[in-house]
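Have a look at the structure below, then the notes.
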Amino acid sequence: MSQEFKIHTIETAPESLKENLAAVKKNNGGYIPNLIGLLANSPTALETYQTVGAINRRNSLTATEREVVQITAAVTNGCGFCVAGHTAISIKQIKMPEDVLNALRQGTPIESDAKLDTLAKFTLAVIQSKGKVGQEVLDDLFAAGYTPENALDVVLGVSLATLCNYANNLINTPINPELQPYAL
(Lines of atoms letter the chains of each structure in order from A; the text may use other names.)
(Lines give C-alpha, C1' and ligand atoms only; values in the text may rest on other atoms or scores of the structure.)
Protein backbone atom coordinates (compact mmCIF):
# COMPACT_ATOMS: atom_id res chain seq x y z
CA MET A 1 0.00 0.00 0.00
CA SER A 2 1.39 3.38 -1.01
CA GLN A 3 1.80 6.13 1.55
CA GLU A 4 2.28 9.83 0.95
CA PHE A 5 3.87 12.61 2.95
CA LYS A 6 1.60 15.51 3.83
CA ILE A 7 2.60 19.11 4.14
CA HIS A 8 0.59 19.67 7.31
CA THR A 9 -1.37 22.77 8.15
CA ILE A 10 -2.71 23.65 11.58
CA GLU A 11 -5.92 21.86 10.63
CA THR A 12 -4.30 18.63 9.43
CA ALA A 13 -1.45 18.36 11.94
CA PRO A 14 -1.52 15.85 14.77
CA GLU A 15 -3.41 17.33 17.73
CA SER A 16 -0.21 17.53 19.79
CA LEU A 17 1.37 19.87 17.19
CA LYS A 18 -1.48 22.28 16.46
CA GLU A 19 -0.33 24.91 19.00
CA ASN A 20 3.25 24.54 17.77
CA LEU A 21 2.23 25.17 14.15
CA ALA A 22 0.04 28.12 15.19
CA ALA A 23 3.09 29.67 16.90
CA VAL A 24 5.24 29.03 13.80
CA LYS A 25 2.60 30.72 11.63
CA LYS A 26 2.45 33.73 13.95
CA ASN A 27 6.27 34.04 14.10
CA ASN A 28 6.64 33.72 10.30
CA GLY A 29 4.37 36.55 9.29
CA GLY A 30 1.27 34.46 8.69
CA TYR A 31 2.53 31.34 6.97
CA ILE A 32 3.98 27.97 7.91
CA PRO A 33 7.11 27.08 5.94
CA ASN A 34 6.49 23.84 4.08
CA LEU A 35 9.53 22.31 5.80
CA ILE A 36 7.68 22.63 9.12
CA GLY A 37 4.55 21.15 7.57
CA LEU A 38 6.62 18.23 6.28
CA LEU A 39 8.40 17.64 9.60
CA ALA A 40 5.00 17.60 11.34
CA ASN A 41 4.64 14.08 9.88
CA SER A 42 7.10 13.12 12.64
CA PRO A 43 6.65 15.04 15.88
CA THR A 44 10.12 13.88 16.95
CA ALA A 45 11.74 15.19 13.77
CA LEU A 46 9.98 18.53 14.20
CA GLU A 47 11.06 18.73 17.84
CA THR A 48 14.64 17.92 16.86
CA TYR A 49 14.64 20.59 14.15
CA GLN A 50 13.27 23.24 16.52
CA THR A 51 15.53 22.28 19.43
CA VAL A 52 18.73 22.00 17.39
CA GLY A 53 17.80 25.18 15.53
CA ALA A 54 17.49 27.08 18.81
CA ILE A 55 20.83 25.69 19.99
CA ASN A 56 22.48 26.51 16.66
CA ARG A 57 21.31 30.15 16.91
CA ARG A 58 23.34 30.58 20.10
CA ASN A 59 26.57 28.93 18.96
CA SER A 60 29.93 30.68 18.66
CA LEU A 61 29.47 31.73 15.02
CA THR A 62 27.98 35.07 14.03
CA ALA A 63 24.57 35.17 12.35
CA THR A 64 26.29 35.73 8.99
CA GLU A 65 28.66 32.81 9.60
CA ARG A 66 25.75 30.53 10.54
CA GLU A 67 24.05 31.42 7.25
CA VAL A 68 27.29 30.73 5.35
CA VAL A 69 27.16 27.21 6.80
CA GLN A 70 23.45 26.75 6.07
CA ILE A 71 23.56 28.04 2.48
CA THR A 72 26.75 26.13 1.69
CA ALA A 73 25.10 22.94 2.95
CA ALA A 74 21.84 23.60 1.10
CA VAL A 75 23.63 24.26 -2.19
CA THR A 76 25.91 21.24 -1.71
CA ASN A 77 22.97 18.98 -0.84
CA GLY A 78 20.80 20.33 -3.66
CA CYS A 79 18.03 21.58 -1.37
CA GLY A 80 16.23 24.35 -3.22
CA PHE A 81 13.81 24.90 -0.35
CA CYS A 82 16.62 25.62 2.13
CA VAL A 83 18.51 27.80 -0.36
CA ALA A 84 15.37 29.93 -0.71
CA GLY A 85 14.65 29.99 3.02
CA HIS A 86 18.18 30.88 4.07
CA THR A 87 18.48 33.45 1.29
CA ALA A 88 15.37 35.15 2.72
CA ILE A 89 16.88 35.09 6.23
CA SER A 90 20.20 36.41 4.90
CA ILE A 91 18.54 39.34 3.14
CA LYS A 92 15.74 40.25 5.56
CA GLN A 93 17.23 39.50 8.97
CA ILE A 94 21.00 39.70 8.81
CA LYS A 95 21.54 41.98 5.80
CA MET A 96 24.26 39.76 4.30
CA PRO A 97 26.26 41.58 1.60
CA GLU A 98 24.83 40.78 -1.83
CA ASP A 99 28.16 39.63 -3.29
CA VAL A 100 28.67 37.17 -0.41
CA LEU A 101 25.15 35.81 -0.78
CA ASN A 102 25.49 35.45 -4.56
CA ALA A 103 28.80 33.60 -4.22
CA LEU A 104 27.29 31.20 -1.70
CA ARG A 105 24.24 30.55 -3.88
CA GLN A 106 26.46 29.92 -6.89
CA GLY A 107 29.03 27.86 -4.98
CA THR A 108 31.85 30.17 -6.04
CA PRO A 109 34.62 31.79 -3.96
CA ILE A 110 33.68 34.73 -1.75
CA GLU A 111 36.21 37.16 -3.17
CA SER A 112 35.31 40.11 -0.93
CA ASP A 113 35.74 38.27 2.38
CA ALA A 114 38.58 35.77 2.77
CA LYS A 115 37.46 34.71 6.25
CA LEU A 116 33.92 33.82 5.13
CA ASP A 117 35.36 32.12 2.05
CA THR A 118 37.50 29.94 4.31
CA LEU A 119 34.42 29.11 6.39
CA ALA A 120 32.45 28.12 3.29
CA LYS A 121 35.33 25.94 2.09
CA PHE A 122 35.61 24.33 5.52
CA THR A 123 31.85 23.65 5.59
CA LEU A 124 32.07 22.05 2.15
CA ALA A 125 35.04 19.93 3.27
CA VAL A 126 33.13 18.78 6.37
CA ILE A 127 30.19 17.68 4.23
CA GLN A 128 32.22 16.03 1.47
CA SER A 129 34.61 14.22 3.81
CA LYS A 130 31.97 13.34 6.42
CA GLY A 131 34.05 15.29 8.92
CA LYS A 132 37.42 13.78 8.03
CA VAL A 133 38.80 17.09 6.78
CA GLY A 134 42.46 16.57 7.66
CA GLN A 135 44.90 18.79 9.49
CA GLU A 136 45.65 21.09 6.55
CA VAL A 137 41.98 22.08 6.25
CA LEU A 138 41.78 22.66 10.00
CA ASP A 139 44.97 24.71 9.88
CA ASP A 140 43.49 26.89 7.13
CA LEU A 141 40.37 27.44 9.26
CA PHE A 142 42.43 28.37 12.32
CA ALA A 143 44.71 30.65 10.25
CA ALA A 144 41.60 32.56 9.16
CA GLY A 145 40.85 33.33 12.81
CA TYR A 146 38.44 30.55 13.71
CA THR A 147 38.73 28.38 16.82
CA PRO A 148 38.15 24.72 17.70
CA GLU A 149 34.76 25.80 19.12
CA ASN A 150 33.88 27.39 15.79
CA ALA A 151 34.89 24.21 13.94
CA LEU A 152 32.58 22.11 16.09
CA ASP A 153 29.80 24.66 15.66
CA VAL A 154 30.14 24.22 11.89
CA VAL A 155 29.54 20.50 12.45
CA LEU A 156 26.48 21.45 14.54
CA GLY A 157 25.20 23.62 11.69
CA VAL A 158 25.84 20.87 9.15
CA SER A 159 23.88 18.43 11.31
CA LEU A 160 20.91 20.80 11.38
CA ALA A 161 21.19 21.39 7.64
CA THR A 162 21.36 17.65 6.99
CA LEU A 163 18.02 17.07 8.72
CA CYS A 164 16.36 19.88 6.75
CA ASN A 165 18.05 19.28 3.40
CA TYR A 166 17.49 15.53 3.40
CA ALA A 167 13.86 15.79 4.58
CA ASN A 168 13.13 18.32 1.82
CA ASN A 169 14.99 16.29 -0.79
CA LEU A 170 13.07 13.16 0.25
CA ILE A 171 9.83 14.59 -1.13
CA ASN A 172 11.01 17.61 -3.14
CA THR A 173 9.21 19.97 -0.77
CA PRO A 174 7.50 22.75 -2.71
CA ILE A 175 8.81 26.23 -1.95
CA ASN A 176 6.20 28.43 -0.28
CA PRO A 177 4.98 31.39 -2.36
CA GLU A 178 6.49 33.68 0.30
CA LEU A 179 9.93 32.17 -0.39
CA GLN A 180 9.67 31.89 -4.20
CA PRO A 181 11.41 35.26 -4.81
CA TYR A 182 14.51 33.81 -3.10
CA ALA A 183 14.65 30.54 -5.03
CA LEU A 184 17.49 29.77 -7.41
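Each step along the sequence shown adds one to the number in full-length UniProt numbering, with nothing skipped, and position 113 is 113.
Don't be surprised by glycine CBs; every beta carbon is placed ideally from N, CA and C.
Remember, predicted model here, so these are calculated numbers, not experimental data.
- Using a C-beta cut-off of 8 Å, the segment 43 to 55 makes no contact with the segment 74 to 87, since fewer than three inter-stretch Cβ pairs fall below that distance.
- DSSP, reduced to helix, strand and coil, places G80 within a helical segment of the structure shown.
- In this structure, the beta-carbon distance from I175 to A84 falls below 8 Å.
- Here DSSP, grouped into helix, strand and coil, assigns T147 to coil.
- Rounded to the nearest whole angstrom, the C-alpha separation of V100 and G107 is 10 Å.
- Around the beta carbon of G157, 16 or more other beta carbons sit within 10 angstroms, so the residue counts as buried.
- Annotation for T12: K6 place their beta carbon closer than 7 Å to its own, counting only its chain and skipping 5 residues before and after.
- For V126, the uninterrupted alpha helix (DSSP H) segment begins and ends at 114 to 129.
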